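Heads up: the protein sequence lines correspond to chains U and P, in order.
If you count the first sequence from 1, position 22 lands on 22 in this note's numbering, and the numbers rise without skipping.
If you count the second sequence from 1, position 193 lands on 453 in this note's numbering, and the numbers rise without skipping.
Just so you know, even glycine gets a beta-carbon here, dropped at the ideal spot from N, CA and C.
Predicted model only: the values in this text are computed from it and were never measured.
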Amino acid sequence: MAVEVSYNTAELVCVSSARLLEDGKVVFAGAGLPLLAAILAQRTHAKSLTILFEGGVIGPFVEPGKLPPSTNEQRCAAHANMVLSTTDVLLLQQRGYVDYGFLGGAQIDRYGNINSSFIGDWDNPKVRLPGTGGGNDIASLVKVIVAMHHEKRRLVEKVDFVTSPGYLTGGRSRQQSGLIAGGMLKVVTHLAILGFDEEKGVMCLEGLQRGATVEEVRQNTGFELLVKKELYEAAPPTAEELKILHTLDPEQRYTSPKGD
Amino acid sequence: MVSSYLELRAKIEQKDKGLKEKVKSLGEAAALIPDNSHVAVGGCHYSRTPMAIIWEMIRQGKKGLTISKSITATEGDLLLVAGATRHIVTSWFSAGVTWGVSRIMRHYVQSGEARYEEWSHMSLGLRYRAGAMGVPFLPSRSMLGSDVFKRLKDIKEMPCPFTGEKLALIPALNPDVAIIHVQKADPYGNAQIRGLPFMDKDIALAADTVILSAEQIIDNSDIRKAPDQTAIPFFCVDAVVEAPYGCLPHECYGIYEPDFHHMDTYVKLMMERGVDGVKEYLDRYFYGPNTFDDYLDQFSVKDILKATLQAKKSHGG
Numbered sequence: 001m002a003v004e005v006s007y008n009t010a011e012l013v014c015v016s017s018a019r020l021l022e023d024g025k026v027v028f029a030g031a032g033l034p035l036l037a038a039i040l041a042q043r044t045h046a047k048s049l050t051i052l053f054e055g056g057v058i059g060p061f062v063e064p065g066k067l068p069p070s071t072n073e074q075r076c077a078a079h080a081n082m083v084l085s086t087t088d089v090l091l092l093q094q095r096g097y098v099d100y101g102f103l104g105g106a107q108i109d110r111y112g113n114i115n116s117s118f119i120g121d122w123d124n125p126k127v128r129l130p131g132t133g134g135g136n137d138i139a140s141l142v143k144v145i146v147a148m149h150h151e152k153r154r155l156v157e158k159v160d161f162v163t164s165p166g167y168l169t170g171g172r173s174r175q176q177s178g179l180i181a182g183g184m185l186k187v188v189t190h191l192a193i194l195g196f197d198e199e200k201g202v203m204c205l206e207g208l209q210r211g212a213t214v215e216e217v218r219q220n221t222g223f224e225l226l227v228k229k230e231l232y233e234a235a236p237p238t239a240e241e242l243k244i245l246h247t248l249d250p251e252q253r254y255t256s257p258k259g260d
Numbered sequence: 261m262v263s264s265y266l267e268l269r270a271k272i273e274q275k276d277k278g279l280k281e282k283v284k285s286l287g288e289a290a291a292l293i294p295d296n297s298h299v300a301v302g303g304c305h306y307s308r309t310p311m312a313i314i315w316e317m318i319r320q321g322k323k324g325l326t327i328s329k330s331i332t333a334t335e336g337d338l339l340l341v342a343g344a345t346r347h348i349v350t351s352w353f354s355a356g357v358t359w360g361v362s363r364i365m366r367h368y369v370q371s372g373e374a375r376y377e378e379w380s381h382m383s384l385g386l387r388y389r390a391g392a393m394g395v396p397f398l399p400s401r402s403m404l405g406s407d408v409f410k411r412l413k414d415i416k417e418m419p420c421p422f423t424g425e426k427l428a429l430i431p432a433l434n435p436d437v438a439i440i441h442v443q444k445a446d447p448y449g450n451a452q453i454r455g456l457p458f459m460d461k462d463i464a465l466a467a468d469t470v471i472l473s474a475e476q477i478i479d480n481s482d483i484r485k486a487p488d489q490t491a492i493p494f495f496c497v498d499a500v501v502e503a504p505y506g507c508l509p510h511e512c513y514g515i516y517e518p519d520f521h522h523m524d525t526y527v528k529l530m531m532e533r534g535v536d537g538v539k540e541y542l543d544r545y546f547y548g549p550n551t552f553d554d555y556l557d558q559f560s561v562k563d564i565l566k567a568t569l570q571a572k573k574s575h576g577g
């Protein structure tokens, strides 16, 4: 039997989402945990995975311990293949050169719509969040993986504001709005891996993290969750994966135990 | 919203487009920015921020500005607290993911005192590009169906006249003034940018007036040795200011990384003490010093050396 390793929920989400990134593909990664996961994928199973940053970078090589707190700064361009204007790198998604977008999420709903703009009423918000950045463009134009902590207040029936569009109100509403490509692919949490029902455009439980139960996932989800008939159990992070994470982010700036 | 095409052209026609020296002091350059104008800020987030020009704008007590920037960092806090702007057009506003949500942005926007007009990052880029191209809009497949789109007044959608597909029409943005910091420029305004170019070329071409600050003013003969490195042509530019370390505490690619120690200290003050904390910061760093050199004198030499060495090691100085 394999040696049990210890990890926190953020590390679990990071490793679990990194595994979804296939070799030979191109991923648009946001700052924080998505960036960490994309680099982890490169250093494990996806050696020829190409990372794009919205700051205007194609194929960077970020130095361990120097993960930038923004994907718009010079450390993101280290050893890159190319730098180009922000507008042009974002337009690569519209052209179709990007296989995945990789986002963190403050709040997501059953249709995979993400809110990173307002908590509460738009005109009189309880909290004004930083905003979309490139998130809306990524969600409008490419397949998206979201990595987040699984909490009732984060997985909600309806987001307060659709910053980054998922399947909008379900069914064919996304296509009808003009978003004919892209869409939510997976939501990875510390409890589960969720996909989307193609016809209904709603979130659907596909796999459980080790030790999690369907009941636990339901209790921590703010809407009635579809559950696939055959669920799989995700393998826990390996010692090798965790070692790489700790090398990349020795201060745990992006995988702090609180799960943000 | 979208300016009249002939008026836009008339402003460019009236510009002195000669290959002439435009070197000015910070004070003279910032004086070109009228109150109540739209100022587009170059760089992105805490990278290549034209902090020296912003420093001078705040000291000159500019009022009523609309500020647009691809991604807004701590300079947005400072412009709000100083009272220079109550309208920020951007795609993201906070210091960085590890520093939390700006308390200043929240204070002014949640109280309704200031407006944060949110565009997607690409859409803002397309706005400047349309402005630079002299067209009233560019079609895009982004933002459709989202509440970001619904909340904006100056955006439309239409079926493509060729395919019938739904498209978002992103309106041109032609700022009154662009302020941009670069690594090198000659006295005429030929600007050479290293590293991430962000939206700066489009901003410069879209704006009526362009103010450049540069780490170093170099001779025109040096520009001519590598014309492929020139990102902004001289005839766009109205003023060139030499401002070494002109982005601090933000970074300038290949020359210095951010002064992370200063950023941490600023964010702590801002998050703990809000508007009052930032007022104290402005007193100490913006209103107190007599010159921009005196502003730089307030920074720790050790931290600046570290930021400089890191940038040289990673990016070949």
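To the nearest angstrom, how far is it from the Cα of P:G577 to the Cα of U:G65?
Model confidence at P:G577 stands at a pLDDT of 42, short of 50, so the residue's coordinates are unreliable and nothing is read from them.
Cβ neighbours of P:E417 in the same chain (closer than 7 Å, five flanking residues each side left out):
Only L404, K426, L427, A428 and L429 meet the Cβ criterion.
By how many angstroms is the C-alpha of P:D543 removed from the C-alpha of P:E316?
Their Cα atoms are separated by approximately 13 Å.
U:I108 to P:E377, Cα distance in whole Å?
Rounded to whole angstroms, U:I108 to P:E377 spans 22 Å at the Cα level.
What are the boundary residues of the beta strand (DSSP E) that includes U:M203?
For U:M203, the enclosing beta strand (DSSP E) stretches over residues V202 to L208.
Under a CB-based cut-off of 7 Å, is P:L266 close to chain U?
Not an interface residue.
May I have the straight-line CA-CA distance separating U:M1 from U:G55, to the nearest angstrom?
Because U:M1 sits at a pLDDT of 47, beneath the cut-off of 50, its placement in the model cannot be relied upon, and the following sentence gives the value as read from the coordinates. Straight-line Cα distance between these residues: approximately 45 Å.
Which residue from P:T490, P:M530 and P:A503 puts its Cα closest to that of P:Q476?
The candidate whose alpha carbon is nearest that of P:Q476 is P:A503.
Simplified DSSP state of U:T264, which is helix, strand or coil:
No answer is possible for residue 264 of chain U: it lies beyond the span of chain U, which begins at 1 and ends at 260.
Are the stretch 368-377 of chain P and the stretch 444-460 of chain P touching, with three or more C-beta to C-beta distances below 8 Å?
Remark: fewer than three beta-carbon pairs, one from each stretch, lie closer than 8 Å, so the stretch 368-377 of chain P and the stretch 444-460 of chain P are not flagged as touching.
Can you tell me where the alpha helix (DSSP H) holding P:M382 begins and where it ends?
Unbroken alpha helix (DSSP H) run through P:M382: H381 to M393.
Does any residue of chain U bring its CB to less than 7 Å from the CB of P:Q443?
Contacts with chain U at 7 Å (Cβ-Cβ) do not include P:Q443.
If I measure Cβ to Cβ from P:V538 and keep anything under 8 Å in the same chain, skipping five residues before and after, which residues do I get?
Exclusion of the five residues before and after P:V538 leaves D337, L338, V341, I364, L529 and M530 as the residues of its chain whose Cβ lies within less than 8 Å of its Cβ.
Test: U:A77 CB closer than 7 Å to a CB of chain P:
For U:A77, the closest Cβ of chain P is nearer than 7 Å.
Check whether P:V437 and P:L472 have beta carbons under 7 Å apart:
Note that the C-beta distance between P:V437 and P:L472 is not below 7 Å.
For U:D127 and U:A106, I'd like the C-alpha separation in whole angstroms.
With the sequence shown as reference, residue 127 of chain U is identified as Val, and Asp is not the correct amino acid for it. Cα to Cα, U:V127 sits roughly 12 Å from U:A106.
Tell me whether P:S400 sits in a helix, a strand or coil according to DSSP, three-state version.
Shown here, P:S400 sits in a strand according to DSSP, grouped into three states.
Counting only runs that start and end within the stretch 32-66 of chain U, where is the beta strand (DSSP E) found for 3 or more residues in a row?
The DSSP assignment places complete beta strand (DSSP E) segments of no fewer than 3 residues inside the stretch 32-66 of chain U at 50-53, in order along the chain.
What number of angstroms, rounded off, separates the C-alpha of U:L245 from the C-alpha of U:Q74?
Distance between the alpha carbons of U:L245 and U:Q74: 22 Å.
The alpha helix (DSSP H) that contains P:I348, what's its start and end?
Annotation: P:I348 is outside any alpha helix (DSSP H); the continuous beta strand (DSSP E) that includes it extends over T345 to T350.
By Cβ distance below 8 Å, which residues in the same chain neighbour P:V361 in space, the five residues on each side in sequence not counted?
Cβ neighbours of P:V361 beyond the five flanking positions: S354.
Cβ of U:Q252 within 7 Å of any chain P Cβ:
With 7 Å as the cut-off, U:Q252 does not count as an interface residue toward chain P.
Beta strand (DSSP E) containing P:M418: first to last residue?
Run containing P:M418: K416 to P419, per the beta strand (DSSP E) assignment.
What whole-angstrom Cβ distance do U:K25 and U:Y100 have, given they're in contact under 8 Å?
Their Cβ separation, rounded to whole angstroms, is 6 Å, which keeps U:K25 and U:Y100 in contact under 8 Å.
Among all the DSSP beta bridges, which residues are the ones paired with P:G336?
DSSP output for P:G336 lists no bridge partner at all.
For chain U, find out if any of its Cβ atoms is closer than 7 Å to the Cβ of P:R389; answer yes or no.
Yes, contact with chain U.
Between P:F458 and the rest of its own chain, which residues show a CB-CB distance below 8 Å, the 5 nearest in sequence each way excluded?
Counting only Cβ-Cβ distances below 8 Å, and skipping sequence neighbours, we find G302, G303, C304, S307, R308 and S330.
Anything in the stretch 394-407 of chain P with a Cβ closer than 9 Å to a Cβ of chain U? List those residues in chain order, please.
Here the close residues are S400, R401, S402, M403, L404, G405, S406 and D407.
Pick from P:L384, P:I318, P:Y265 and P:I492: whose alpha carbon is nearest that of P:V442?
Cα-wise, what sits closest to P:V442 is P:I492.
Contact under 7 Å by Cβ, U:I58 with U:L49
No; because the gap between Cβ atoms is not below 7 Å, this pair is not in contact.
Short check: CB of P:N434 to CB of P:L325, under 7 Å?
The Cβ atoms of P:N434 and P:L325 lie no closer than 7 Å to each other.
Whole-Å CB distance - P:S285 paired with P:V501, under 8 Å assumed
Contact flag correct, Cβ pair sits at about 7 Å.
Within 10 Å of its beta-carbon, does U:R210 have 16 or more other beta-carbons around it, so buried, or fewer, so exposed?
Residue burial annotation: U:R210 is exposed, with fewer than 16 other C-beta atoms found within 10 angstroms of its C-beta.
As an exercise, report each continuous alpha helix (DSSP H) stretch of at least 4 residues that is fully enclosed by the stretch 297-324 of chain P, in chain order.
List check, alpha helix (DSSP H) in window: 311-319.
Determine the DSSP secondary structure at U:Q94, reduced to helix, strand or coil.
DSSP places U:Q94 in helix when its eight states are reduced to three.
Which two residues bound the contiguous alpha helix (DSSP H) that contains U:R172?
No alpha helix (DSSP H) contains U:R172, which DSSP labels as neither H nor E.
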